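Each residue of the sequence shown is one higher than the last, beginning at 723 in the working numbering.
Below is one structure, written out as structure tokens; comments come after it.
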Amino acid sequence: MGSHALDSPAAASRKKVRRSARLTHSSNLRSLSAPRTFALLLLVTCADPVHSDAVDALGEERRGVRPGPTHRPGQPCLVCHGGQGPGSPDFSVAGTVYAARGVLEPLAGTTVVIEDANHDVRRATSNEVGNFYIAAQTWSPVFPLTTKLDDPRADVDGEKPMLTPLPRTGDCASCHYGADNEPTHMPPVFLRSKAL
Ligand code: HEC
Ligand code: HEC
Numbered sequence: 723m724g725s726h727a728l729d730s731p732a733a734a735s736r737k738k739v740r741r742s743a744r745l746t747h748s749s750n751l752r753s754l755s756a757p758r759t760f761a762l763l764l765l766v767t768c769a770d771p772v773h774s775d776a777v778d779a780l781g782e783e784r785r786g787v788r789p790g791p792t793h794r795p796g797q798p799c800l801v802c803h804g805g806q807g808p809g810s811p812d813f814s815v816a817g818t819v820y821a822a823r824g825v826l827e828p829l830a831g832t833t834v835v836i837e838d839a840n841h842d843v844r845r846a847t848s849n850e851v852g853n854f855y856i857a858a859q860t861w862s863p864v865f866p867l868t869t870k871l872d873d874p875r876a877d878v879d880g881e882k883p884m885l886t887p888l889p890r891t892g893d894c895a896s897c898h899y900g901a902d903n904e905p906t907h908m909p910p911v912f913l914r915s916k917a918l
């Protein structure tokens, strides 16, 4: 494998930008419109400020928890495992499941069912902190997706469906954000209306 194979797409596009920036300097700068020059400078100086701010906003690892299957429960995993790093591997679908509405008690051993637009169905099982994930390398689903929790402990019919489809992300906590008891506009994903 040549060293260029290690470049992420983001790094590769940064290189392209640097190359085109050099070209710009050697040609006549005045021929570029001001907004375009500004946009170029922005790209050259900071790779992706929005992404690094989003990563920073999620804070440090909890003391005593190593980066791995049980870290950062409730957080939007794909901010870091969505292709721009710093997490690896990339996930196509990931999240955290809790036992009941309003109770941040992790739900272990529940089955999260995800079906893509081609009716390709995958299942993932939540671990001891409620986290589940599907590596992008093993599945890159076609959107929109539908999802449900398949679990005999559910209130009705052994399942808890999300009624509307997911239009463009499998990052559950991008909407169901309830990490570390933070106030939230949507409750975290939960199975039951009342605690077990
Ligand atoms: C703020 C960034 C960030 C978030 C959010 C995040 N992770 Fe990570 N994750 C990392 C980093 C960094 C690593 C270590 C990567 C490495 O060692 O190369 C990692 C490693 C992992 C690994 C270990 C992979 C391996 O091969 O050992 C798993 C599994 C994982 N994370 C799952 C999750 C899940 C599930 C979530 C959401 C509940 C999540 N992560 C949220 C940054 C993050
Ligand atoms: C784009 C935002 C968004 C994403 C991403 C998302 N959800 Fe949802 N989810 C919602 C909304 C809005 C509702 C309430 C309406 C509904 O059920 O469709 C909901 C409801 C649910 C419910 C039912 C809750 C109840 O009160 O009955 C479950 C279960 C659920 N989601 C699971 C998931 C899982 C698992 C994922 C990730 C694979 C996920 N959601 C990703 C927005 C989202």
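We put the beta carbon where it would ideally sit given N, CA and C, even for glycine.
A quick note: this is a predicted structure, and the numbers were derived from the prediction, not measured.
Any non-hydrogen atom of ligand 2 within 6 Å of residue i CB
i, result
"Val815", "yes"
"Cys799", "no"
"Cys897", "yes"
"Lys882", "yes"
"Thr886", "yes"
"Cys802", "no"
Closer than 6 Å: residue i CB and nearest ligand 1 heavy atom
i, result
"Ser810", "yes"
"Tyr855", "yes"
"Thr818", "yes"
"Leu780", "yes"
"Pro910", "no"
Selected residue, minimal CA-CA separation from residue i, among the options
i, options, result
"Ala816", "Asp872, His841 and Arg794", "Arg794"
"Asn840", "Pro910, Pro863 and Arg785", "Pro863"
"Val878", "Thr833, Arg785, Leu913 and Gly790", "Leu913"
"Trp861", "Gly892, Ser915, His898 and Thr818", "Gly892"
Through-space distance from residue j to residue i, alpha-carbon basis
i, j, result
"Tyr820", "Asp812", "23 Å"
"Pro883", "Leu871", "6 Å"
"Glu850", "Asp770", "34 Å"
"Ala917", "Gln797", "21 Å"
"Arg844", "Gly786", "32 Å"
"Phe854", "Ser848", "5 Å"
"Leu885", "Thr869", "8 Å"
"Gly880", "Ala895", "23 Å"
"Cys802", "Val834", "21 Å"
"Pro866", "Ala858", "16 Å"
"Val777", "His898", "17 Å"
"His747", "Ser774", "Low per-residue confidence applies at His747: pLDDT is 44, beneath 50, and the placement is therefore not dependable enough to give any value."
"Cys799", "Thr832", "18 Å"
"Ala822", "Pro828", "9 Å"
"Leu826", "Thr818", "10 Å"
Endpoints, the beta strand (DSSP E) within which residue i is located
i, result
"Ser814", "Phe813 to Ala822"
"Asn853", "Asn853 to Ala857"
"Ala846", "Val843 to Thr847"
"Val834", "Thr833 to Glu837"
"Leu871", "Thr868 to Asp872"
Residue interval of the alpha helix (DSSP H) (run including residue i)
i, result
"Val772", "Pro771 to Ala779"
"Leu800", "Leu800 to His803"
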